[in-house]
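Let me begin by presenting the structure, written as structure tokens, before commenting on it.
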Amino acid sequence: MTVVDEKQTQDRPERPPRSRRERKVSPFVAFRTALTAWLSRPLASFHLVLALTGVLTVIGIVMVLSASSVASYDPTTGSGVYSLFYRQLLFVAIGSVVFWVGLRIKLERIRRMSATMVVICLGLLMLVLTPLGSTVNGSQGWFKLGVFTFQPVEAAKVALAFWGAHILVIKYNVIHQWRHLLVPVVPVALVMFALVMLQPDLGGTITLAVVLLALLWFAGAPKRLFGVILAGGLAGVLVLAIIAPYRLTRVLSFLSPDADLSSAGYQANQAKLALADGGLFGKGLGQGASNWGYLPNVQNDFIFALVGEELGFVGCVVVLALFAGVAVVGLRIATRNIDPWIRIVAGTLTMFLVAQAAINIGYVVGLLPVTGVTLPLISYGGTSLLITMLIMGVLANAARHEPEAVAALRSQGPGKFGRLLRLPAPDPYRPPTTRKGQAGRGTGAGAKAARPAPRAARPAPAQERRRSVRQPVRRSSAARTSSARTTANRGARGTANRRGHW
-16 MTVVDEKQTQ
-6 DRPERPPRSR
4 RERKVSPFVA
14 FRTALTAWLS
24 RPLASFHLVL
34 ALTGVLTVIG
44 IVMVLSASSV
54 ASYDPTTGSG
64 VYSLFYRQLL
74 FVAIGSVVFW
84 VGLRIKLERI
94 RRMSATMVVI
104 CLGLLMLVLT
114 PLGSTVNGSQ
124 GWFKLGVFTF
134 QPVEAAKVAL
144 AFWGAHILVI
154 KYNVIHQWRH
164 LLVPVVPVAL
174 VMFALVMLQP
184 DLGGTITLAV
194 VLLALLWFAG
204 APKRLFGVIL
214 AGGLAGVLVL
224 AIIAPYRLTR
234 VLSFLSPDAD
244 LSSAGYQANQ
254 AKLALADGGL
264 FGKGLGQGAS
274 NWGYLPNVQN
284 DFIFALVGEE
294 LGFVGCVVVL
304 ALFAGVAVVG
314 LRIATRNIDP
324 WIRIVAGTLT
334 MFLVAQAAIN
344 IGYVVGLLPV
354 TGVTLPLISY
364 GGTSLLITML
374 IMGVLANAAR
384 HEPEAVAALR
394 SQGPGKFGRL
404 LRLPAPDPYR
414 PPTTRKGQAG
424 RGTGAGAKAA
434 RPAPRAARPA
444 PAQERRRSVR
454 QPVRRSSAAR
464 TSSARTTANR
474 GARGTANRRG
484 HW
């Protein structure tokens, strides 16, 4: 290097140190990272259940107010435009208490009371068929208590889920046998089906069948069983539709909706027109034409059509997304729990709610025949709302029994919602202890204590066990030779199998 080169090198300004290039994070990646971090929190499922319940309930209150203002007004009885809305607010207030009860009660207590619940519901289903029951819309499935009404089939669905999960968990070790899988859950469910069909109430029977199928699915029943049940169920529905004239009329109007738009197909056609009039963003709350008698029972079974008319396609997508969130969160609670009874109950109740919403939305948009099933938390009604609030409370309770949530609540305290609602700390899951001689018999309160093992079968004392460890048994040369021959024969057979000789 010359002198000139050295001078140029000294005069050259020093370059700043290269810094690592910062990668630009897209908003989608940042949102996904933040969402994943939030969902990994111990009480994420619990907070999601609270949020979904609150949002769906608020939407239901607003839509009932918009749908019932015209139907509520009756000058002959002095009923004002807000009478149905005030009654719905009363149902929501009572439902909030029911939600709190379902959230606070111990799940083990619900499990112990499940058999009593089923017996009471069977008694009510029988009693409603007597003169004590009242007929509403052609179905004698209601009890009238002054201004309030009660439908026992709604309570029977939840009782069947609690009791059926309890029986299937008890018989877990023998559930691979058909007799233990089907008895007594399926016979009791069939009795409920028969009592509900005597009212008659096809929609209630279908939702009860959904509960039964979900119970068997989450219990691990073989898949071929569901094919047989679905084939038998479809055949039963067709028979029931044929023997009842009004059901046959509904099926025929569904198959040919444009054949009779003035009578049989009027309601379904008006629902489609309401959805079409809404467009993308809807006409606005209270501006729908369905409120003025063009769509009968708009506040009950066809409230989703009013959602599409007043809130548009965007409002319908929001409602669908909320029920999809219920499905995801409910199955998340079922998979994250380790208590088998909670797993089956959470999955069954989730499938029941989502299936009921799918059936309602399906016949509003014309994909299914009209069955009279309400939209959970959004349609007007007392019994359906109270039972749905109870289900959401039980799901929130099950979310607090996830192992991570139990550890967090017992170590860090109840949290803000726990202090506000005065919720007790959940107990960790303890698997039931199995006594000797009871393997394969199942566990439970009805299991008998096994007899003590005979003396020859009892374990050796500690001294003898230590002596046997210190002095291992020596084998003779003949025994070692036979063992070596057996090992060689096994290796030969394994080689033959690998070569394809069976």
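Read left to right, the sequence shown gives residues -16 to 485 (the numbering used here).
Heads up, the beta-carbon is just placed ideally off N, CA and C, and yes, glycines get one too.
Bear in mind that the values here come from a model prediction, so they are computed numbers and not experimental data.
Residue i and residue j closer than 7 angstroms at C-beta
i	j	result
LEU86	ASN320	no
ALA144	LEU289	no
GLY313	THR331	no
LYS140	VAL194	yes
ALA257	LEU278	yes
TYR363	ASN252	no
GLY186	GLY349	no
TYR249	ASP322	no
LEU305	LEU73	no
VAL347	PHE285	yes
VAL32	LEU303	no
PRO352	PHE237	yes
TRP21	VAL152	no
SER79	TRP146	no
LEU35	VAL211	no
GLY116	ASP184	no
PRO397	LEU406	yes
ALA254	THR232	no
Candidates the options, of which the one nearest residue i by Cα
i	options	result
GLU137	LEU403, PRO352, PHE335, PRO415	PHE335
PRO135	GLY376, LEU392, LEU369	LEU369
GLU293	GLY203, ALA139, LEU48	LEU48
VAL101	MET175, VAL45, VAL130	MET175
ILE150	VAL328, THR16, ASN280	VAL328
VAL81	HIS384, MET375, PRO352	MET375
ASP410	GLY78, LYS89, LEU72, ARG70	LYS89
ALA401	VAL8, ARG24, PHE29	Note that residue 401 is Gly in the sequence shown, not Ala. Out of VAL8, ARG24, PHE29, PHE29 has the C-alpha closest to the C-alpha of GLY401.
GLN182	ARG70, ASN120, GLY63, GLY262	ASN120
LEU358	LEU31, VAL32, ILE44, LEU26	ILE44
VAL157	GLY203, TRP125, ALA382	GLY203
ALA259	ASP241, CYS299, PRO170, GLU91	CYS299
LEU26	VAL169, PRO386, PRO414	PRO386
ALA148	PHE14, SER9, SER66, ALA317	ALA317
GLY215	LEU173, GLN71, LEU373	LEU173
PRO167	VAL8, PHE133, LYS154, LEU403	LYS154
LEU67	ARG405, ARG94, GLY365, THR371	GLY365
ALA142	ARG315, THR416, LEU198	LEU198
VAL130	VAL12, ARG70, THR60	ARG70
PRO205	VAL311, THR113, GLY262, LEU165	LEU165
VAL311	ASN280, ALA382, ALA242	ALA382
ARG24	ALA388, PRO415, ALA408	ALA388
VAL75	LEU360, THR132, VAL169	LEU360
LEU373	THR60, TYR65, ILE77	ILE77
Helix, strand or coil at residue i [DSSP, three-state]
i	result
ASP128	One detail in the question is off: residue 128 reads as Leu in this sequence, not Asp. If DSSP states are grouped into helix, strand and coil, LEU128 belongs with the strands.
ALA462	Confidence is the limiting factor: at ALA462 the pLDDT is only 48, short of 50, which leaves the residue's position unreliable and the question unanswerable from this model.
ILE325	helix
THR354	coil
SER245	coil
VAL119	strand
PHE285	coil
PRO442	Residue placement at PRO442 is poorly supported in this model, since its pLDDT is 43, which falls under 50; the coordinates are not used for a value here.
PHE237	helix
GLY427	Below a pLDDT of 50, predicted positions are generally treated as unreliable, and GLY427, at 41, falls in that range; the measurement from the model is reported next regardless. GLY427 falls in the coil class under three-state DSSP.
PHE400	helix
PHE296	helix
PHE264	coil
GLN454	Confidence is the limiting factor: at GLN454 the pLDDT is only 45, short of 50, which leaves the residue's position unreliable, though a coordinate-based value still follows. The answer is coil: DSSP assigns GLN454 none of H, G, I, E or B.
Within-7 angstroms CB hit, residue i to chain D
i	result
GLU387	Included in the structure is just one protein chain, with no chain D present.
Which runs of the alpha helix (DSSP H) spanning at least 4 residues fall entirely within the segment 154 to 222, listed in chain order?
Residue ranges of uninterrupted alpha helix (DSSP H) with 4 or more members, entirely inside the segment 154 to 222 and ordered along the chain, are 161 to 165, 168 to 180, 185 to 202.
Do three or more CB pairs link the segment 390 to 402 to the segment 328 to 347 at distances below 8 angstroms?
Because the criterion of three Cβ pairs below 8 angstroms is not met, the segment 390 to 402 and the segment 328 to 347 do not touch.
Three or more C-beta pairs below 8 angstroms linking the segment 291 to 311 and the segment 256 to 274
A contact is defined here as three or more CB-CB pairs under 8 angstroms, and the segment 291 to 311 meets this definition with respect to the segment 256 to 274.
Length at least 4, wholly inside the segment 34 to 97: the alpha helix (DSSP H) runs in chain order
Taken in chain order, the unbroken stretches of alpha helix (DSSP H) that lie wholly in the segment 34 to 97 and span 4 residues or more are 66 to 87.
Cβ contact check for the segment 341 to 359 and the segment 177 to 192: 3 or more pairs under 8 angstroms
Taking 8 angstroms as the limit for Cβ pairs, the verdict is that the segment 177 to 192 does touch the segment 341 to 359.
Can you confirm whether the segment 53 to 66 touches the segment 93 to 108 when touching is taken to mean that 3 or more C-beta pairs between the two stretches lie within less than 8 angstroms?
Fewer than three pairs of CB atoms, one per stretch, sit closer than 8 angstroms, so the segment 93 to 108 makes no contact with the segment 53 to 66.
Is there contact here, the segment 151 to 166 with the segment 213 to 227, by at least three beta-carbon pairs under 8 angstroms?
Not touching, per the Cβ criterion.
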